[in-house]
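Participant:
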Amino acid sequence: MSSDASRLGFYLLLAPILLWLVVLIILPHVGLFVVSISEKIGPREYEIGMGNYAAFFQEPLFWRTFARTAIMSILATALTLILGFPIAYYIAKLTQGRTKTTLFLMCMIPFWVSELVRTFGWMILLRETGVISNGLQALGLVSGPVEFLYNDAAIMVGLVYTSILFMVVPLVTTLDSLDNSLIEAGYDLGGSSTAVMREIVIPHAMPGIVSGCIVVFMLSLGNYLTPILLGGKDSLWFTGMIYTQFITRFNWELGSAFGFLLLILSSLVVFLGLKLSGQSLSETMGRS
Amino acid sequence: MIPTVPQPVFAKWCYRAYVVAFFIYLALPLTVVGVFAFNNSVFPSLPWEGFTLAWFFGTEAPYIGVFHERSILRAIGTSAVVALWVSGLAVTVGTCNAFLFVRHEFRGKAFLYILMLLPLIIPGVILGISILVFSSSIANTLEDATGLWFDGLRPGLILVILGQFSFITTFATLVISARLQKFDPSLEEAALNLGASQWGAIRQITLPFLLPAIVASAVVSILMSFENFNTTLMLVGSDSPLTIAMFDKLKQGSTPVLNAVSLLLIAVSAALGLISLLFQSNKQ
Amino acid sequence: MLPAPPDLICRDITKHFDAFRAVDHVNFEVPQGSFFSILGPSGCGKTTLLRMIAGFQEPTSGDLLIKGKSVIGVPPNRRPVSMVFQHLALFPTMNIGDNVGFGLRQRGVARAEIRRRVDDVLDRVGLPGVSARRVDQLSGGQKQRVAIARCMVLEPDVLLLDEPLGALDQKLREHMKVELKSLQAAFNTTFVYITHDQSEALVMSDNVAVMNKGQFEQIGPPQEVYHRPATAFVAGFVGDANTFEAKVTAVNGSMLTLATQTGAQMNVSAPQSGFDTGQRVDVFLRPEAIELVASDMAAQNGDNISPGTVTSVLFNGANSALTVRDTATGAMINVALPQTGAFAGIGTGDTVYTRWDPTKARCYAAPGVK
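Printed below as a string of structure tokens:
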């Protein structure tokens, strides 16, 4: 085989990926940054400056929404981990054969269904005329209709629901790879259930926990549908604010600055998560 | 906490009850969406007014079923066009990427690999606005320079396709690379040894081996494209794909026709999802 | 003062899995400080038995006593036994020191004390100064010793070993057999070792139990199990043997005269077994019990002697053997070929005479026929 032909093949393979990454990922983000540091001084006239970022820090509504989105996302991630871990453990360690496959597939099915449909389902359940309100009235627990929608708890329920599968699936994979004899050895050497969990199971599951948490945090941070539909008009989610600046206010400069701030936050959290657990992006994401 | 280590009976039952509660939580929203598609009422909520199929087949207002609702049908068509384009592009580029990362060693490979993973950790909304900003500025520049119109670079289906393609390709690359890694290169060498050309060996030996992964990633790409919302929202023009159309309807106040569409979506996605899993697990 | 009770007593232990009886009324005792092996083919129930002693399975019936106290219903983390797992089960997320110190940490021992005892036990297994290393930095044999150290640091009453040598290569396995035996002697702890490898059991044990289909066929010192197997299964499973099916044609005191199906006559000594004329029997004869002689000169005191042709020479150092076809009957037998030089020039096609003492063969009633 001539090395010329193989070089040609190599460049033919290199072309699509470079085209994809440069044109659709790198340049747009550079462009986003450039727009975010442009200040409008007249019709179609701009100058470079940090005014958009200054506006973000000066206007409490902006940075409070930003902080609120971050904190709620962290909360949703923690909640998802706490709720999802026992499920993943149950599937990985306490079931076998067909039961295991079935439970795993049951976990996967909501993941295949559009987020819009899932959120719609929660609206039907939670709203004033919804199933839960009516159920509670029928049981005589409340006297009139109750509105469960349009509050932070509803957002939380929706966020956890939307992302729990991204927690359960990597956890099941890592817990599956934990040899039962390691758990048995832990007990055999005198460990209590708590000690075995803390010293053997959780350290082993750490890669899954990290990749699950990263994905869930990003999904929550970047979520638009769930907070808008379940949280209502005043949901104060940062992506909603970006949408408003871009589409309603047509203030692309400020919107770009918001977008860039969100990107920095999400990258920072991914970076810290990987650093703290001593893992690389390739092994964490490449596995999913 | 494994079957061979004895645990108190009470703890075991509590654990099981939690698992059951979890799966109810998981199934509940999808179930109510499905059930209310058959409610003979103009609102998707209680009380139950009796069973009807009008939200699927009805022709008279207000009971216009999915199969006669123009806007929904058009949105499904738009989504299908977008999904096919995205899937075709993503699988093609993904296959090239798989060969590049599995078969070639070059300087900067690790860096390029990380770059390839980046779309996974960029929030969809940001992907959307960055492409929107970039394409608009190119369009502005070109229009200023030439005086012609460049509608393809303005919000619309082309941008939607590019936006979805920009992150779905990463998934396709990962799935196809994983399978190519399992391929025994000596099979290809045997084909060369038996007189096949380089391309002939890849076409007759390697690509058939990759087929399950290619099919699976095509199906997953179609699904992801169909249900994508965040990126699409920022790039959409006058033709709305299904999720955007449904979102608009939902904001105006929903009727059970949305439940009917959702139920169809649930059924189709579940079926496609299972097919892709079967394809991936069967041949490995 | 009463003598100390045995470290481990199993009384009538039975374990059912649905209809299948994995362990079937097993009884044994292991005295303090001895090395006890349970030898059997895979699926004979030995792993189930070991896991019941460790507490990972509850017996359906019967009793288990450790140092005289019943441990039925005691969870595995409260039992005074430790186990070396088949694949060792060293915790990959911890270094060697943390692995060995795991059990002590669970007991709430002070940190300095843990460090001292971990270093001490690693010293005793011949691995000083490896505390800070990761598990995957050790060789197979070193991991083996760490797994034992991790158990021994807890000073268990009984150490259980689940075929820990299975994953090692041949050479290392031979070496570890000797080492395990000397570690056991050094710690003076009771070892219960299960294996399907007869050589491991024979080399290391004070007592061997041969297990088949959930039952113990024989318990005894290795020499006794090898030379006086109690059942046909033991005779076939432990060591190599030529087997013949035959029929008793005459009984003369303890001496039987047998005829094989192909018509060969042989004499076999079978004291206290009460065979009758006409009964079908299986005869087991070890290759090294057969002597090669150049001619049929002296057929003294009832020795069995017959001519044969060498069909193959299986050279394997000290374990070399010949396959010989009996001239009269066509039966194939394996004969050990001592590397003493006397038969150095023997080759395929040579005629030899085989001679064996009737007391060297073992004779059992054929199964299914009374």
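Residue numbers (our numbering), protein chains in the order written: chain H, 5 to 292; chain F, -3 to 280; chain D, 379 to 748.
Backbone N, C-alpha and C fix where the C-beta goes; we use that ideal spot for every residue, glycine too.
1) Could you pull out every residue in the same chain whose Cβ sits closer than 8 Å to the Cβ of D584 (chain D), ignoring the five residues on either side in sequence?
2) Could you tell me the distance, in whole angstroms, from the CA atom of Q639 (chain D) to the CA atom of N645 (chain D)?
3) Can you check the stretch 548 to 598 of chain D for any beta strand (DSSP E) of at least 3 residues that lies completely inside it and give the ranges in chain order?
4) Mark F721 (chain D) as exposed unless 16 or more other C-beta atoms lie within 10 angstroms of its C-beta, in which case mark it buried.
5) Measuring only between beta-carbons, confirm whether L532 (chain D) sits less than 8 Å from chain H.
6) Give me the chain H residues within the contact set of A467 (chain D), using Cβ-Cβ distance strictly less than 8 Å, ordered along the chain.
7) Quick check on the DSSP output: what are the complete alpha helix (DSSP H) runs of length 4 or more inside the stretch 216 to 277 of chain F, in order along the chain?
8) In chain F, which residues lie with their C-beta within 7 Å of the C-beta of P454 (chain D)?
9) Return yes when the Cβ of D385 (chain D) is within less than 8 Å of the Cβ of V573 (chain D), no when it is not.
10) So with CB distances below 8 Å, who are the chain H contacts of Q484 (chain D)?
11) Short of 7 Å in beta carbon distance, which residues of its chain neighbour W44 (chain F), apart from the five on each side in sequence? Order them along the chain.
12) Does the beta carbon of I118 (chain F) come closer than 8 Å to any beta carbon on chain H?
13) Which residues bound the alpha helix (DSSP H) around S185 (chain H)?
14) With a threshold of 8 Å between beta carbons, is I125 (chain F) in contact with chain H?
15) Restricting to Cα atoms, I'd like to know which of H:S239, H:A59, H:A9 is closest to N155 (chain H).
16) By a C-beta neighbour count over all protein chains shown, 10 Å radius and 16 as the cutoff for buried, is T718 (chain D) buried or exposed?
17) Counting only beta-carbon atoms, is K748 (chain D) nearer than 8 Å to chain F?
18) Among H:I136, H:A157, H:A158, which residue has its Cα nearest to the Cα of P149 (chain H)?
19) First and last residue of the alpha helix (DSSP H) that includes F615 (chain D)?
20) DSSP three-state label for L225 (chain H), please.
21) Pull up the distance between the alpha-carbon of Q283 (chain H) and that of R202 (chain H), whole angstroms please.
22) Quick check: what's the CA-CA separation for G110 (chain F) versus I117 (chain F)?
23) Does any residue of chain F bring its CB to less than 8 Å from the CB of G236 (chain H)?
24) Around the Cβ of L299 (chain F), are there at least 16 other Cβ atoms within 10 angstroms (buried) or fewer (exposed)?
25) When we look at the beta-carbon of T239 (chain F) and count the other beta-carbons within 10 Å, is it buried (16 or more) or exposed?
26) Taking the alpha carbon of P204 (chain F) as the reference point, which residue from F:V16, F:L183, F:S250, F:F222 has its own alpha carbon closest?
27) Exposed or buried, which one is M76 (chain H) when buried takes at least 16 other CB atoms within 10 Å?
28) DSSP three-state label for F47 (chain F), please.
29) Taking contact to mean at least 3 C-beta pairs separated by less than 8 Å, is the stretch 229 to 236 of chain F in contact with the stretch 149 to 169 of chain F?
30) So what does A637 (chain D) bridge to, in DSSP terms?
31) In whole angstroms, what separates the C-alpha of M127 (chain H) from that of V31 (chain F)?
32) Does the CB of M5 (chain H) have a neighbour CB from chain F at under 8 Å?
33) Starting from H33 (chain H), trace the beta strand (DSSP E) in both directions and tell me its first and last residue.
34) Could you tell me the alpha carbon to alpha carbon distance between D2 (chain H) and F221 (chain H), rounded to whole angstroms?
35) On the criterion of 16 or more Cβ atoms from any shown chain inside 10 Å, does D192 (chain H) qualify as buried, or is it exposed?
36) On the DSSP letters alone, give me the boundaries of the alpha helix (DSSP H) that P114 (chain H) sits inside.
Facilitator: Per the coordinate set shown:
1) Closer than 8 Å at Cβ, skipping near neighbours: S412, F413, F414, P599.
2) Distance between the alpha carbons of Q639 (chain D) and N645 (chain D): 15 Å.
3) 568 to 573, 585 to 590, 593 to 598, all fully within the stretch 548 to 598 of chain D.
4) When all chains shown are included, F721 (chain D) counts as buried.
5) Closer than 8 Å to some Cβ of chain H, the Cβ of L532 (chain D) qualifies, so yes.
6) Identification of chain H residues near A467 (chain D) by a Cβ-Cβ cut-off of 8 Å yields D183, S185, L186, E188, A189, ordered along the chain.
7) The DSSP assignment places complete alpha helix (DSSP H) segments of no fewer than 4 residues inside the stretch 216 to 277 of chain F at 226 to 231, 238 to 248, in order along the chain.
8) Per Cβ cutoff of 7 Å: V1.
9) Going by the sequence as given, residue 573 (chain D) is Thr instead of Val. For the pair T573 (chain D) and D385 (chain D), the CB atoms are not nearer than the 8 Å cut-off.
10) L193, G194, G195, S196, A199, listed in chain order.
11) Counting only Cβ-Cβ distances below 7 Å, and skipping sequence neighbours, we find N35.
12) Yes, I118 (chain F) lies at the interface with chain H (some Cβ there is under 8 Å from its Cβ).
13) Bounds of the alpha helix (DSSP H) holding S185 (chain H) are 184 to 192.
14) Yes, contact with chain H.
15) When each option's Cα is compared against that of N155 (chain H), the closest is H:S239.
16) Per the 10 Å Cβ criterion, exposed.
17) Note that K748 (chain D) scores a pLDDT of 43, beneath 50, so its modelled location is shaky and nothing firm can be said.
18) For the options H:I136, H:A157, H:A158, the alpha carbon positioned closest to that of P149 (chain H) is the one of H:I136.
19) Per DSSP, the continuous alpha helix (DSSP H) segment holding F615 (chain D) begins and ends at 610 to 615.
20) Three-state DSSP puts L225 (chain H) in a helix.
21) So the alpha carbons of these two residues sit roughly 20 Å apart.
22) Here residue 110 (chain F) is Ile; the residue named in the question, Gly, does not match the sequence. Near 11 Å, if we compare the C-alpha coordinates of I117 (chain F) and I110 (chain F).
23) Closer than 8 Å: no.
24) Limits of chain F in this structure are -3 at one end and 280 at the other, which puts residue 299 (chain F) out of reach.
25) Residue burial is scored here from C-beta neighbours: T239 (chain F) has at least 16 other C-beta atoms within 10 angstroms and is therefore classed as buried.
26) Ranking F:V16, F:L183, F:S250, F:F222 by Cα distance to P204 (chain F) puts F:L183 first.
27) M76 (chain H) comes out buried.
28) Strand, per DSSP.
29) Yes, they touch.
30) According to DSSP, which records beta bridges pairwise, A637 (chain D) is partnered with D:K625, D:Q643.
31) Distance from the CA atom of M127 (chain H) to the CA atom of V31 (chain F), rounded to whole angstroms, is 14 Å.
32) Residue confidence for M5 (chain H) is low, a pLDDT of 46 falling below 50, so the modelled location carries little weight; the figure read from the coordinates is stated next. Yes - at least one Cβ of chain F is within 8 Å of the one on M5 (chain H).
33) Not the beta strand (DSSP E): H33 (chain H) falls in the alpha helix (DSSP H), residues 31 to 40.
34) There is simply no residue 2 (chain H) to check, as chain H begins at 5 and stops at 292 in what is shown.
35) Here D192 (chain H) is buried, its C-beta having at least 16 other C-beta atoms within 10 Å.
36) In this chain, the alpha helix (DSSP H) harbouring P114 (chain H) covers 101 to 116.
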